[in-house]
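In the order they appear, the protein sequences are chains Z and L.
Position 187 of the first sequence, counting from 1, maps to 1511 under the working numbering, and the rest follow consecutively.
Position 353 of the second sequence, counting from 1, maps to 1677 under the working numbering, and the rest follow consecutively.
Everything on this sheet refers to the single structure shown next.
Number of protein chains: 2
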Amino acid sequence: MNRVRVGICGLGTVGSGVFNLLSTNGTEITRKTGRQIDVSLVGCRRDHPACDLSTTTVTRDIFDVVRSDDVDVVCELIGGTDVALDLVREAIAHGKHVVTANKALIAHHGESLFQLASEAGVSLKFEASIAGGIPIVKAVREGLAGNRINWLAGIINGTTNFILTEMENAGNRDFADVLKEAQDLGYAEADPTFDIEGIDAAHKLTILSSIAFGVPLNLAALYSEGFSAITVEDIRFASELGYRIKHLGITTRSEQGVELRVHPTLIEKSRMLAQVNGVMNAVMVGSDAAGETMYYGAGAGAGPTASSVVADIIDVARSDGQSGGVPEFGFIPQALETLPMVPMEETASCHYLRMRLLDKPGVLARISTILSQHDISIESMIQKDGKTGTAPVAIITDEIRESAINEAIAELEALAEVDGKISRIRVESF
Amino acid sequence: MNRVRVGICGLGTVGSGVFNLLSTNGTEITRKTGRQIDVSLVGCRRDHPACDLSTTTVTRDIFDVVRSDDVDVVCELIGGTDVALDLVREAIAHGKHVVTANKALIAHHGESLFQLASEAGVSLKFEASIAGGIPIVKAVREGLAGNRINWLAGIINGTTNFILTEMENAGNRDFADVLKEAQDLGYAEADPTFDIEGIDAAHKLTILSSIAFGVPLNLAALYSEGFSAITVEDIRFASELGYRIKHLGITTRSEQGVELRVHPTLIEKSRMLAQVNGVMNAVMVGSDAAGETMYYGAGAGAGPTASSVVADIIDVARSDGQSGGVPEFGFIPQALETLPMVPMEETASCHYLRMRLLDKPGVLARISTILSQHDISIESMIQKDGKTGTAPVAIITDEIRESAINEAIAELEALAEVDGKISRIRVESF
């Protein structure tokens, strides 16, 4: 194929971005590939105001795109896992290479789709599904291919990071208030559950874990915790103790097996991940030879996501329509290894605990005693003067298993001197 | 080629790292490539204590390696541009793929070597030549291939970054003192000229500029300034003004042409590049679709450099010995475009100026007048109490052409009220 004919399915923000990028940078892309890459067919229910479709063939049935003889590479940019699944399957069946930005599709159906693509001798690429414009899939799968990767930790949802950054910067705005602003700015959906509860991050982390360790996709085993319970008080205490709060996706591989978890996390202010603010994303990778490397950039938006979609199209073009030799998982399918998943109860972290204590003598001693009965040491502590007979206290513990800290928290909350629930956030040193 | 046979030329720190990494991660690498990749021949003048060569064939003549029928991929890890050039030429002539960590070789002879490789149908890869374990060549050439890249700015020499970080952290140690520590720690060479004067960074930046913009290598046009003149006082003033001093490689492309420069730079403390400390490296890339992305990691050392060498070997293995379709420059050779180089005199930056002024009335007014006669506005200024009849003053100007600031500095230094030379450092917002 000298000319590469791209079919775009879905002309929302990302689809329009891809359409426009291929047009704007057409000359530059030809300089890089020796080929003309252009859009031969667009399938969309309605046109998009950002796109000039006057010289492009448009169909209202996206399935026309995957069946067209005039398309070499199909871009699946409709999202979701129902129609998108049928669409990608049919594209592969018609011998088309597929490029997608759909993290849910890959996290849920990646394995079967990769299998179909492999049998059909086509590529199925998904760089844009994780961390927008950051070429993190390529970095893990190719750039670090000589390494044994031990862990990976990332800020992989821009909405949550925007809200946490704003809460920290303003110092007095609570979660609901900043969420509303994020919605007004278009950084958060009208129904923000997917972002806030960590489901979006869970999809991305599951894929990253598979390509980092060569394990099958295992979304069901992932532990996920949203961050709507984080208060301004937590952010202030964390800051005084030397930390920032970030919503992290973390996956590790050790002798015990694989950990896969998404939750709010305290990170020391001096660490690189603590510098990642607003809607920006970053992924830190810990590996045996390269050590710590980090990849930073915009995690969403038309331009950044289109950048990754087009990079995948260029990869297909450069490999001359061959599947290119890089397995979709980074590991050859027969080498995927099912490792034990470490149950959340058996993971270990340092912990931040915030509680309100009745202003009575000996209360701190009782807290310390209960913690030490569970083998939990206190690394640092801040106590504030309370105004209403209670004093807020924040504690950082040393590393302790979840099961032990859970038991300790339950015992502490049962104390008459502890007023209300205890806020708990894991502390990590990534 | 099912088995991939690697020949290593040079068994210093990097060569040993590659030898050991291929052995340690052999199983993991086979899971990723479906192939066995192992070292079939090592050419080195003397063995390295870190390597167990008991089961490996060793020759004392590195040219045996490039001529051997038992080698598919040659790793050139001897450094320098004399023997290394002959070695790589002969490897290509014998139909071997070549992987090198040699930035000087690529910066000086890349074009002719790429041409030879292309004619011979082999790959010549050099990820390890820039920023150690960071897969920056792959990110620019492939991950961002859909973008028009507008600028690139990096901390690409760990030695200089270590010295600047230590000077800042200690607060009272001068350049020579910290350089000695860096030498004792093995972070700086006995003759540190290559690092300190920016020659090493110049080699790397020249290569990055070519793959970012698709321009021919042009080391001769690069402006380079070392940082041995930076004093503790500069670091303190910069900090008070809200900046850190980093030694940056910067290349930009605009309508005026290409800028290519290495010099000390003030960067706002809140910027990501300002967080890169010690021997760590990072490259920030500004492009039209992805926006700002940054790549961070260890810039040197056995493990990180070996990580990139082995990634290149794996690329060769995965593409089944084909050249893989990614042009060495990122752009196809016939599309390389010679753009005008912007002379340093015509570039524009904000500037930091530090001077000692005699403690006399009206002296600041005279300074301001001279600056304003050259159309230079003062953005911020700090004046300290002097102890000996002179007062140190630091000024940040707005953006101004080099030629204008040079003239202004010459005029200011000629004033009787200005005691000694003026320290000048460019200020950038990357």
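Virtual Cβ for every residue (Gly too), placed ideally from N, Cα, C.
These figures come from a predicted structure and were not determined experimentally.
Exercise for the section: Taking C-beta pairs closer than 8 Å, name the residues in chain Z that L/Arg1355 reaches, listed in chain order. Expected result: Numbered from 1 along the second sequence, position 31 holds the residue referred to as residue 1355 of chain L. In chain order: Gly1538, Phe1655, Ile1656, Ala1659 and Glu1661.
Practice task
Measure the Cβ-Cβ separation of L/Ala1659 and L/His1698 and say whether it is below 7 Å.
Solution key: For the purposes of this step, residue 1659 of chain L is identified with residue 335 of the second sequence, where counting begins at 1. For the purposes of this step, residue 1698 of chain L is identified with residue 374 of the second sequence, where counting begins at 1. The answer is no: Cβ separation not under 7 Å.
Handout entry: Chain-ordered chain Z contacts of L/Asp1508 [CB-CB under 7 Å]
Key = On the second sequence, position 184 is the one that residue 1508 of chain L refers to. Under the 7 Å cutoff, chain Z gives no residues; its nearest Cβ is about 22 Å from L/Asp1508.
Problem - Within 7 Å, strictly: CB atoms of L/Val1323 and L/Gly1445 - result: Any answer about residue 1323 of chain L is impossible in this case: the structure gives chain L only from 1325 up to 1754.
Problem - Interface flag, Z/Gln1599 vs chain L, CB-CB below 7 Å - result: Position 275 of the first sequence, counting from 1, holds the residue named residue 1599 of chain Z. Z/Gln1599 counts as touching chain L.
Handout entry: Simplified DSSP assignment, three categories, for Z/Val1502
Key = Reading the first sequence from its first residue, position 178 is the one you call residue 1502 of chain Z. In the three-state scheme derived from DSSP, where H, G and I count as helix and E and B as strand, Z/Val1502 is classed as helix.
Problem - Own chain partners of Z/Thr1714 with C-beta closer than 8 Å, once the 5 adjacent residues on each side are dropped - result: Locating residue 1714 of chain Z in the first sequence gives position 390, counting from the first residue. The residues are Arg1680, Leu1681, Leu1682, Asp1683 and Asp1743.
Practice task
Kindly list the residues whose CB is nearer than 8 Å to the CB of Z/Ala1506, restricted to its own chain and excluding five residues on each side of it in sequence; keep chain order.
Solution key: Locating residue 1506 of chain Z in the first sequence gives position 182, counting from the first residue. Thr1483, Phe1486, Ile1487, Glu1490, Ala1512 and Pro1516.
Practice task
Note down, in chain order, each residue of its chain lying with its Cβ closer than 7 Å to the Cβ of Z/Glu1579, except the 5 sequence neighbours on either side.
Solution key: Position 255 of the first sequence holds residue 1579 of chain Z. Cβ neighbours of Z/Glu1579 beyond the five flanking positions: none.
Practice task
Please classify L/Ala1514: does DSSP put it in a helix, a strand, or coil?
Solution key: Within the second sequence, residue 1514 of chain L is the residue found at index 190, counting from 1. Coil.
Problem - Residue-level contact to chain Z via CB, L/Ile1531, 7 Å cutoff - result: Taking the first residue of the second sequence as 1, we reach residue 1531 of chain L at position 207. So no, L/Ile1531 is outside the interface.
Practice task
Answer yes or no: does any C-beta atom of chain Z fall closer than 7 Å to that of L/Asp1644?
Solution key: Taking the first residue of the second sequence as position 1, residue 1644 of chain L is located at position 320. Yes, L/Asp1644 lies at the interface with chain Z (some Cβ there is under 7 Å from its Cβ).
Handout entry: Expected contact under 8 Å - CB spacing of Z/Ile1749 and Z/Ile1591 to nearest Å
Key = Residue mapping note: residue 1749 of chain Z aligns to position 425 of the first sequence, counting from 1. Residue mapping note: residue 1591 of chain Z aligns to position 267 of the first sequence, counting from 1. Rounded, the Cβ-Cβ distance is 11 Å, inconsistent with contact.
Problem - Residue closest to Z/Thr1617, alpha-carbon to alpha-carbon, out of Z/Thr1629, Z/Leu1597 and Z/Gly1404 - result: Mapped onto the first sequence, residue 1617 of chain Z falls at position 293. Per the Cα distances, Z/Leu1597.
Problem - Other residues of its chain near L/Glu1466: CB distance less than 7 Å, five sequence neighbours each side excluded - result: Numbered from 1 along the second sequence, position 142 holds the residue referred to as residue 1466 of chain L. Once the five neighbours on either side are set aside, the close Cβ partners of L/Glu1466 are Val1650.
Handout entry: Complete runs of the alpha helix (DSSP H) confined to the stretch 1544-1590 of chain Z [at least 4 residues]
Key = For the stretch 1544-1590 of chain Z, the continuous alpha helix (DSSP H) assignments of 4+ residues that do not extend past its boundaries occur at 1556-1564, in sequence order.
Exercise for the section: Let me know if Z/Pro1716 comes out buried or exposed under the rule of 16 or more other beta-carbons within 10 Å of its beta-carbon. Expected result: Numbered from 1 along the first sequence, position 392 holds the residue referred to as residue 1716 of chain Z. When all chains shown are included, Z/Pro1716 counts as buried.
Exercise for the section: Tell me where the alpha helix (DSSP H) around L/Ile1402 begins and ends. Expected result: Position 78 of the second sequence, counting from 1, holds the residue named residue 1402 of chain L. First-last for L/Ile1402: undefined, no H or E at that position.
Exercise for the section: Starting from Z/Glu1352, find everything on chain L with Cβ-Cβ shorter than 7 Å and list it in chain order. Expected result: Within the first sequence, the letter at position 28 stands for residue 1352 of chain Z. In chain order: Arg1472.
Practice task
Can you tell me which of the three DSSP states Z/Thr1712 falls into?
Solution key: The residue you call residue 1712 of chain Z lines up with position 388 of the first sequence. If DSSP states are grouped into helix, strand and coil, Z/Thr1712 belongs with coil.
Exercise for the section: Could you tell me which chain Z residues have their CB closer than 9 Å to the CB of L/Glu1400, listed as they occur along the chain? Expected result: Locating residue 1400 of chain L in the second sequence gives position 76, counting from the first residue. The contacting residues do not exist; L/Glu1400 stays about 17 Å from chain Z at best.
Practice task
Report yes or no: is there a C-beta of chain Z within less than 7 Å of the C-beta of L/Val1634?
Solution key: What you label residue 1634 of chain L is simply residue 310 of the second sequence in a count that begins at 1. For L/Val1634, the answer is yes, since a Cβ of chain Z falls inside 7 Å of its Cβ.
Problem - CB contact flag (L/Glu1583, L/Val1502, <7 Å) - result: Position 259 of the second sequence, counted from the first residue, corresponds to residue 1583 of chain L. Position 178 of the second sequence, counted from the first residue, corresponds to residue 1502 of chain L. No, these two residues do not count as a Cβ contact at 7 Å.
Exercise for the section: Give the DSSP-derived three-state secondary structure of L/Asn1542 in the structure shown. Expected result: For this step, residue 1542 of chain L is matched to residue 218 along the second sequence. Of the three classes helix, strand and coil, the one that applies to L/Asn1542 here is coil, per DSSP.
Problem - Segments assigned beta strand (DSSP E), at least 3 residues, entirely inside the stretch 1420-1497 of chain Z - result: As far as the stretch 1420-1497 of chain Z is concerned, its whole beta strand (DSSP E) runs of at least 3 residues are 1421-1424 and 1473-1479.
Practice task
Would you grab the beta carbon distance between Z/Ile1755 and Z/Cys1674 for me? Rounded to a whole angstrom, and I think it's under 8 Å.
Solution key: Residue coverage of chain Z in this structure runs from 1325 to 1754, which leaves residue 1755 of chain Z outside it and unanswerable.
Practice task
Tell me Z/Leu1677's beta-bridge partners as DSSP assigns them.
Solution key: Walking along the first sequence from the start, residue 1677 of chain Z turns up at place 353. The partner list for Z/Leu1677 (beta bridge, DSSP) reads Z/Ile1719 and Z/Arg1748.
Practice task
Spell out whether any CB of chain Z is found under 7 Å from the CB atom of L/Asn1349.
Solution key: In the second sequence, the residue the question calls residue 1349 of chain L occupies position 25. At least one chain Z Cβ lies under 7 Å of L/Asn1349.
Practice task
List the residues that DSSP assigns as beta-bridge partners of Z/Gly1615.
Solution key: For this step, residue 1615 of chain Z is matched to residue 291 along the first sequence. In DSSP, Z/Gly1615 forms a bridge with Z/Ser1611.
Problem - Buried or exposed (CB count within 10 angstroms, at least 16 for buried), Z/Ala1689 - result: Taking the first residue of the first sequence as 1, we reach residue 1689 of chain Z at position 365. That one is exposed.
Practice task
Tell me, please, whether the stretch 1363-1371 of chain Z touches the stretch 1549-1559 of chain L by the rule of three or more beta-carbon pairs shorter than 8 Å.
Solution key: no
Practice task
Could you pull out every residue in the same chain whose Cβ sits closer than 7 Å to the Cβ of Z/Val1539, ignoring the five residues on either side in sequence?
Solution key: As a position in the first sequence, residue 1539 of chain Z is number 215, starting the count at 1. The answer, listed in chain order, is Ser1533, Val1582, Leu1660, Glu1661, Thr1662 and Leu1663.
Problem - Cβ neighbour criterion (16 or more within 10 Å) applied to Z/Arg1757 - result: Residue 1757 of chain Z lies beyond the residue range present for chain Z, which begins at 1325 and ends at 1754; the question has no answer from this structure.
Handout entry: Residue range of the unbroken alpha helix (DSSP H) whose run includes Z/Ser1696
Key = The residue labelled residue 1696 of chain Z in the question sits at position 372 within the first sequence. Here the alpha helix (DSSP H) through Z/Ser1696 covers Val1687 to Gln1697.
Exercise for the section: Establish whether the CB of Z/Tyr1305 and some CB of chain L are separated by less than 7 Å. Expected result: Outside the modelled stretch of chain Z, which goes from 1325 to 1754, sits residue 1305 of chain Z, for which no answer is possible.
Problem - Under 7 Å between C-beta atoms of L/Ile1535 and L/Gly1654 - result: Residue numbering aside, residue 1535 of chain L sits at position 211 when the second sequence is read from its first letter. Residue numbering aside, residue 1654 of chain L sits at position 330 when the second sequence is read from its first letter. Going by C-beta atoms, L/Ile1535 is nearer than 7 Å to L/Gly1654.
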